Every structure is written in structure tokens, then in C-alpha cells.
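If you read the sequences in order, they're chains G and C.
With the first letter of the first sequence counted as 1, position 37 gets the number 37 in this note's numbering; the numbers rise by one all the way through.
With the first letter of the second sequence counted as 1, position 63 gets the number 163 in this note's numbering; the numbers rise by one all the way through.
Number of protein chains: 2
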Amino acid sequence: MTIAYHAKIYVTLRPSVLDPAGTAVESGLEHLGYHNVSHVRIGKYIELTLTAEDESAAQKQLDVMCDKLLANTVIENYRFELLEVATVS
Amino acid sequence: MTIAYHAKIYVTLRPSVLDPAGTAVESGLEHLGYHNVSHVRIGKYIELTLTAEDESAAQKQLDVMCDKLLANTVIENYRFELLEVATVS
């Protein structure tokens with residue numbers, strides 16, 4: 001049996017890593033008059049569909065996908081949410 | 101009274117808009133041997149802290165920030181989650 005999962009993946013810079021994009025957005029917001037905004041951090045939000053035998057198989061595959069391609073684990077953290085959407089076969 | 105909120109903002113391409121980055125990631129995953137992945141869409145995940153009088157004031161400000169700077173509303177959708185973190189004054 002194969003199950004289709006919808007995955008939501010959040011890739012964020014590790015807290016210790018500087019975030020020039022976040023800093024740029026923060027100053028952009030200041031230029032718009034928002035002086036009440038701080039700690040702006042920019043990351044990636046990835047959605048995808050994958051099929052697997054079960055949830056733990058899907059999780060294992062996502063971990064490898066994140067480690068190898070979706071995140072640079074030297075400077076980034078990742079987390080994901082899985083939602084079963086359909087039984088495929 | 102001023103309340104500090106932690107905001108999580110998700111900026112995604114509208115469904116009708118092509119996603120070359122998503123397509124590139126999808127073929128990258130195929131090269132890694134993952135032929136069970138589809139519908140890859142890449143978006144922005146923004147975290148920030150803002151202070152406001154109450155939640156509805158914070159929501160209104162975030163809407164303007166998204167409309168003016170954080171999202172290109174011609175081709176992108178946005179949604180956000182607000183979490184009260186502290187009473188500042």
C-alpha cells in the first residue's frame with residue numbers, strides 16, 4: 001500500500017548565524033515607519049507531495065532530502081509537518 | 101499597554117504562478133533517486149517580533165507590512181500566525 005503525504009518544510013538559519021536578508025527587511029520596515037519590529041529572520045517554506053509506505057518511511061525520506069538538498073545543515077535548521085492526503089494504491 | 105507578539109509569516113506563490121525554483125528542486129530530488137515527489141513549491145518563511153496595543157492592531161500592521169514589503173501580492177499570497185509573547189509596558 002502506498003500513501004500520499006503533503007509535507008510542509010521550514011528551513012531557518014541557525015540562531016547563531018547572521019541574517020543579512022532579515023536585517024535588510026527590518027530596515028525596510030523602519031523606512032515604512034514601523035519602529036516596533038525586531039528580530040526579523042527569513043527562511044524557506046517548502047511544500048511538496050510524496051508517496052511512501054507509511055509515515056515513518058516518509059519522515060526518513062524527508063530527513064535525507066533535507067540533509068542532502070533542501071537545507072544547508074551547516075548553517076540551517078529544518079523541521080517539517082506531514083499530512084496524509086490519500087491512499088494511492 | 102503594549103504587547104509583544106511573535107509573528108510567523110508564510111509567503112507563497114499563487115497556485116496559478118509557475119515556480120521555477122520548485123521545479124529545479126523537484127528535478128534535484130529526482131537526481132537523488134526520489135521519483136515519489138511532486139508539486140514542490142518554494143516560498144518564504146519570515147519570523148519577526150512586533151509590539152502593538154492588541155492583536156487586531158498587530159494584524160492590521162502585519163497586513164500592511166505584507167502588502168507593502170514582505171509579499172509581492174501580484175504573484176504571491178501570504179498568511180501569518182501571531183503569538184503573544186509578553187506585555188511590554
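Just so it is clear, CB atoms sit at the ideal spot from N, CA and C, and this is done for glycine as well.
Keep in mind the model is a prediction, meaning the values are calculated, not measured.
Answer yes or no: does any C-beta atom of chain G fall closer than 9 Å to that of serine 138/C? Numbered from 1 along the second sequence, position 38 holds the residue referred to as residue 138/C. At least one chain G Cβ lies under 9 Å of serine 138/C.
Flag this pair as yes or no: are the beta carbons of leucine 132/C and valine 37/G separated by less than 9 Å? As a first step, residue 132/C must be located in the second sequence, where it is residue number 32. As a first step, residue 37/G must be located in the first sequence, where it is residue number 37. No, these two residues do not count as a Cβ contact at 9 Å.
Buried or exposed for lysine 144/C, please, with buried defined as at least 16 other CB atoms from any protein chain shown within 10 angstroms of its CB. Numbered from its first residue, the second sequence carries residue 144/C at position 44. Buried: at least 16 other Cβ atoms inside 10 Å.
Beta-carbon contacts of tyrosine 104/G that lie in its chain and below 8 Å, excluding the five residues immediately before and after: In the structure displayed, chain G extends from 1 to 89; residue 104/G sits before or after that span and is not available.
Write down the C-beta distance between valine 140/C and glycine 122/C rounded to the nearest angstrom, noting that I regard them as a contact closer than 8 Å. Position 40 of the second sequence, counted from the first residue, corresponds to residue 140/C. Position 22 of the second sequence, counted from the first residue, corresponds to residue 122/C. Their Cβ separation, rounded to whole angstroms, is 4 Å, which keeps valine 140/C and glycine 122/C in contact under 8 Å.
Contacts that glutamine 59/G makes with chain C (C-beta to C-beta distance below 7 Å): For the purposes of this step, residue 59/G is identified with residue 59 of the first sequence, where counting begins at 1. Going along chain C, no residue has its Cβ under 7 Å from glutamine 59/G, so there is no contact; the nearest lies around 14 Å.
Any beta carbon of chain C sitting closer than 9 Å to that of methionine 1/G? The sequence position of residue 1/G within the first sequence is 1, counting from 1. Not closer than 9 Å to any Cβ of chain C, the Cβ of methionine 1/G fails to qualify, so no.
Where the alpha helix (DSSP H) through alanine 21/G begins and ends: Counting from one through the first sequence, the residue named residue 21/G turns up at place 21. Counting along the chain, the alpha helix (DSSP H) containing alanine 21/G begins and ends at 20–31.
Under the assumption that valine 88/G contacts isoleucine 3/G (Cβ atoms under 8 Å), give the Cβ distance between them as a whole number of angstroms. Translated into the one-based positions of the first sequence, residue 88/G becomes position 88. Translated into the one-based positions of the first sequence, residue 3/G becomes position 3. Indeed, because the Cβ distance is near 7 Å, the residues count as touching under 8 Å.
Residues in its own chain within less than 7 Å of asparagine 177/C by CB, not counting five upstream and five downstream? Locating residue 177/C in the second sequence gives position 77, where the first residue counts as 1. Excluding positions up to five away in sequence, the list reads Thr112 and Arg114.
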